[in-house]
Every structure is written in C-alpha cells, then in structure tokens.
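A.B. asks: Numbering (this note's numbering), first residue to last: 2 to 349.
Quick one: this structure, given as structure tokens, is what I'll be asking you about.
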Ligand SMILES: [Zn+2]
C-alpha cells in the first residue's frame with residue numbers, strides 16, 4: 002500500500018469560529034497540523050485586543066482538550082482584527098501580553114463578517130508602524146469592491162493598496178491571503194521578500210465554472226471567487242514551485258448548511274476534513290509530490306520565523322495511506338468540500 006509521510010502541516014489561515022462549531026472543527030485541523038493561524042472574525046465576539054486573544058486561545062485549547070487532542074502537538078497562532086479604531090497601544094499589548102502574531106485586515110464589506118472592516122490604510126499609519134516594529138505580520142483579505150467593479154476584479158482592484166503598503170512599510174511582513182488571480186500572483190512575485198501569499202486547496206482545483214457554471218453550487222462559493230483556468234494554472238505552478246513566497250493557508254471556513262443553501266448564501270468552504278488528502282492527490286497528479294512539504298510545512302514557518310517542526314522533531318509527522326474513501330455529505334451540519342466524492346488518500 003502506497004504511503005506519504007510529511008511533517009505536520011502549518012495551516013497559515015483557518016477559521017475555527019466559536020461555540021459548538023469550534024468544538025467540532027478545531028480538532029480536525031489539530032489532527033494533522035502542528036500550528037494554524039486562527040482568524041479573528043468570530044461572532045458574537047470578534048478578536049480585537051489582547052484580552053480577546055487570551056480568551057480565544059483558552060476557548061480553542063479547551064475545545065481541543067475536550068476532544069482529547071494532546072496540546073503538545075498543536076499550537077493555535079493567534080491574530081487580531083485590525084480596524085479603523087485599532088491603536089498602536091492595542092498592537093503592543095496584543096503582541097507582548099496576548100502573544101498574537103498577526104493582524105488581519107478585511108476591507109469593509111467584502112467578505113464574511115467584514116461589515117465593520119477597515120475603510121483606509123492611510124488612516125491607521127501609526128498602527129501599521131507599530132506592527133512593523135513589533136514583528137506583527139499584516140494579513141490581507143485583498144479585495145476591494147470599488148464602485149462599478151465586477152466581483153471578479155475585486156482582487157486586482159486591491160493590488161495598488163498592496164503596493165502602497167509594501168513601499169511605505171518595508172519591514173512589515175505582509176501576507177496577501179488566498180490569492181486567486183494571475184495579477185495578484187504577479188504582484189507578489191514583483192514585490193520584495195517581506196510580501197508573501199497564502200494559497201488554498203480549493204483555489205488549486207476550482208474555477209468559476211464550478212461555482213456558477215451550468216449549475217449554481219453554493220458549497221463551492223468563497224471569496225475571492227475562483228477564477229479562470231489560466232489563473233488556476235498559475236496558482237498550481239506557484240504552490241508546486243517551492244518558492245518561499247507561497248505557502249498553505251487553507252481558509253477552511255465552516256458554515257452551517259442552512260447558511261449556504263439559502264437566498265443570500267455565505268461565502269466560505271469547509272476544507273479541513275479533506276485538506277491533506279486533496280493536497281496529496283493534487284500534487285501527485287502534477288508530478289510534484291516532492292514539493293508538497295515546502296508548501297504545507299516549511300515556507301509558512303520560515304516566513305513567520307518559526308522553528309520547523311518536521312526537521313527538529315522527526316516524530317511529528319503525519320502519514321497518508323492510499324485507501325479510497327468517500328467524503329461524507331455532511332459533517333456536524335456542515336457540508337465539507339468535495340462532499341460525495343472519492344479521495345484516494347486517507348490520514349493514517
Ligand atoms: Zn478567511
């Protein structure tokens with residue numbers, strides 16, 4: 002039987018939510034990751050400051066303990082949401098008292114729970130300088146819903162802001178999250194090494210046709226929307242290139258079935274249950290299994306200056322075995338990505 006052994010993953014962008022959903026989804030990611038960057042756009046309590054960070058980390062660790070996950074194997078990496086009212090003082094305490102490693106900007110209104118997102122980067126210049134000085138990484142939902150701009154162009158519309166940030170804060174670590182377009186990939190390649198990008202597994206396999214082609218498939222809907230074949234080809238090339246600017250951020254984003262199958266369905270795809278299987282399959286299909294480790298377990302850690310789990314702790318690996326299984330139609334009320342389809346590899 003064929004097997005693949007990899008260091009435990011670093012998932013540099015994941016949504017754990019709160020309450021029962023947190024209890025359901027966090028153990029799934031912890032089963033194959035050594036760490037994950039946990040997004041702060043939780044409801045009803047968003048993560049905005051050091052107190053929130055400390056509270057949310059406890060909630061996550063309690064959920065994992067309740068599920069029997071040994072905390073020695075998984076560390077949640079905490080973030081705060083950067084808004085117009087985030088002050089340099091809040092950055093300082095989030096980093097030094099809360100241990101937060103990144104701050105996330107959602108431009109106002111473009112994605113799930115971004116109603117009170119940021120209106121202007123120029124308005125928070127001092128806050129961004131403080132992030133730069135404290136080594137806090139800036140995570141960007143890089144879309145801008147400019148007037149009379151079609152949604153497929155929102156990512157391209159954001160790129161001048163990325164360039165402005167990179168030029169004005171040259172020592173700030175900046176991650177353009179879930180890149181989806183050739184324009185965004187090119188911008189990241191052209192900017193200095195402090196600018197990197199995460200890539201999701203769903204953007205490696207979907208195009209816009211899989212969301213609004215002959216059928217409307219709400220469980221494939223996400224922001225940014227998957228784009229054209231040429232965009233997807235370039236994302237595959239970057240993920241499999243070994244280039245340290247590109248690493249895994251699954252953006253696994255669970256929503257209850259009822260929030261997806263309705264008149265105003267939520268954007269976000271729950272990929273956590275199939276992430277290792279689908280990545281292995283995708284990389285293998287393109288003859289790039291030897292590049293999977295850099296993408297899942299190395300490049301992200303290097304960008305964040307974190308120790309490399311697999312190298313330093315060889316026991317900290319996961320094994321995938323070739324053993325076809327069908328992705329269930331529903332897990333805890335959530336329809337997972339690729340529901341009803343067969344995966345070749347299973348997590349041992
Ligand atoms: Zn996200």
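Backbone N, C-alpha and C define an ideal beta-carbon position, used for all residues, glycine too.
Between the Cα of residue 255 and those of 295, 205, 47 and 333, spot the shortest distance and give me the residue it belongs to.
C.D. replies: That would be 333, whose Cα lies nearest to the Cα of residue 255.
A.B. asks: Nearer than 7 Å: is that true of the beta carbon of residue 252 relative to any heavy atom of ligand 1?
C.D. replies: At least one heavy atom of ligand 1 is nearer than 7 Å to the Cβ of residue 252, so yes.
A.B. asks: Could you check the C-alpha separation between residue 176 and residue 85 for me, to the nearest Å?
C.D. replies: Approximately 19 Å, taken between the alpha carbons.
A.B. asks: Which residues in the same chain as residue 45 place their Cβ atom closer than 8 Å to its Cβ, once the five residues preceding and following it in sequence are excluded?
C.D. replies: These residues qualify, in order along the chain: 19.
A.B. asks: Relative to the alpha-carbon of residue 182, which residue among 51, 195 and 207 has its alpha-carbon at the smallest distance?
C.D. replies: Selected option, being the one with the closest Cα: 207.
A.B. asks: I want to know whether the segment 152-159 touches the segment 192-200 - three or more CB-CB distances under 8 Å.
C.D. replies: No: the two stretches stay apart, fewer than three of their Cβ pairs being nearer than 8 Å.
A.B. asks: Can you tell me where the beta strand (DSSP E) holding residue 46 begins and where it ends?
C.D. replies: Unbroken run through residue 46: none, as it is neither H nor E.
A.B. asks: Please work out which residues of its chain come closer than 7 Å, Cβ to Cβ, to residue 289, disregarding the five sequence neighbours upstream and downstream, and give them in chain order.
C.D. replies: So the list reads 241, once near-sequence residues are dropped.
A.B. asks: Going residue by residue through the segment 35-121, where are the continuous alpha helix (DSSP H) segments of at least 4 residues, counting only ones entirely within it?
C.D. replies: The segment 35-121 contains these whole alpha helix (DSSP H) runs: 51-67 and 89-97.
A.B. asks: Alpha carbon to alpha carbon, how far is residue 315 from residue 260?
C.D. replies: Confidence at residue 315 is low in this model, with a pLDDT of 49, below 50, so the placement of that residue should be treated as unreliable; the coordinate-derived value is given next. Cα to Cα, the separation comes out at about 41 Å.
A.B. asks: For residue 25, count neighbouring Cβ atoms within 10 angstroms of its own Cβ and tell me buried if that reaches 16, exposed if not.
C.D. replies: It counts as buried.
A.B. asks: Could you tell me the alpha carbon to alpha carbon distance between residue 150 and residue 328, rounded to whole angstroms?
C.D. replies: Rounded to whole angstroms, residue 150 to residue 328 spans 37 Å at the Cα level.
A.B. asks: Compute the distance between the beta-carbons of residue 250 and residue 14, then report whether it is under 8 Å.
C.D. replies: In contact: residue 250 and residue 14 (Cβ atoms closer than 8 Å).
A.B. asks: Output the boundary residues of the alpha helix (DSSP H) element that contains residue 132.
C.D. replies: Per DSSP, residue 132 belongs to the alpha helix (DSSP H) from 126-135.
A.B. asks: Does the segment 102-110 come into contact with the segment 55-66, if we say contact requires no fewer than three beta-carbon pairs (one atom in each stretch) closer than 8 Å?
C.D. replies: No, the segment 102-110 is not in contact with the segment 55-66.
A.B. asks: Tell me, please, which residues DSSP counts as bridged to residue 322.
C.D. replies: 4 and 347, per the DSSP bridge assignment.
A.B. asks: In the DSSP assignment, what residue or residues form a beta bridge with residue 12?
C.D. replies: Beta-bridge pairing links residue 12 to 37.
A.B. asks: Runs of 4 residues minimum, wholly inside the segment 168-243: which ones carry the alpha helix (DSSP H) assignment?
C.D. replies: Counting only runs of 4 or more, we get 183-191, 203-206, 210-213 and 230-240.
A.B. asks: Compute the Euclidean distance between the alpha carbons of residue 96 and residue 102, then round it to the nearest angstrom.
C.D. replies: Answer to the nearest angstrom: the Cα atoms are 6 Å apart.
A.B. asks: Hey, residue 344 and residue 275 are a contact pair by Cβ (cut 8 Å); roughly how many whole angstroms apart?
C.D. replies: About 6 Å; that satisfies the 8 Å criterion.
A.B. asks: Return yes when at least one heavy atom of ligand 1 lies under 7 Å from the C-beta of residue 16, else no.
C.D. replies: Because some heavy atom of ligand 1 lies under 7 Å away, the Cβ of residue 16 counts as near it: yes.
A.B. asks: Which residues does DSSP pair with residue 249 in a beta bridge?
C.D. replies: BP columns for residue 249 point to 200.
A.B. asks: Which value, in whole angstroms, describes the spacing of the CA atoms of residue 295 and residue 308?
C.D. replies: Looking at the two C-alpha atoms, the distance is approximately 14 Å.
A.B. asks: Just to confirm, does residue 40 get its C-beta within under 7 Å of one of the non-hydrogen atoms of ligand 1?
C.D. replies: Checking every heavy atom of ligand 1 against the Cβ of residue 40, one is found closer than 7 Å.
A.B. asks: Between the Cα of residue 248 and those of 165, 2 and 10, spot the shortest distance and give me the residue it belongs to.
C.D. replies: The option with the nearest alpha carbon to residue 248 is 10.
A.B. asks: Counting C-beta neighbours from all protein chains within 10 Å, is the total for residue 71 16 or more, i.e. buried, or is it exposed?
C.D. replies: With fewer than 16 other Cβ atoms within 10 Å, it is exposed.
A.B. asks: Keeping to the same chain, check which residues put their C-beta closer than 6 Å to that of residue 292; ignore five residues upstream and five downstream.
C.D. replies: Only 241 and 243 meet the Cβ criterion.
A.B. asks: Assign residue 217 to one of two classes, buried (16 or more other C-beta atoms within 10 Å of its C-beta) or exposed (fewer than that).
C.D. replies: With fewer than 16 other Cβ atoms within 10 Å, it is exposed.
A.B. asks: Going by DSSP, what residues sit across from residue 139 in a beta bridge?
C.D. replies: Looking at the DSSP assignment, residue 139 forms a beta bridge with 104 and 175.
A.B. asks: Note down, in chain order, each residue of its chain lying with its Cβ closer than 6 Å to the Cβ of residue 367, except the 5 sequence neighbours on either side.
C.D. replies: Nothing about residue 367 can be read from this structure; the chain reaches only from 2 to 349.
A.B. asks: Locate the alpha helix (DSSP H) running through residue 154, then write down its first and last residues.
C.D. replies: First-last for residue 154: undefined, no H or E at that position.
A.B. asks: For residue 82 versus residue 61, is the C-beta spacing smaller than 8 Å?
C.D. replies: No, the Cβ-Cβ distance between residue 82 and residue 61 is not below 8 Å.
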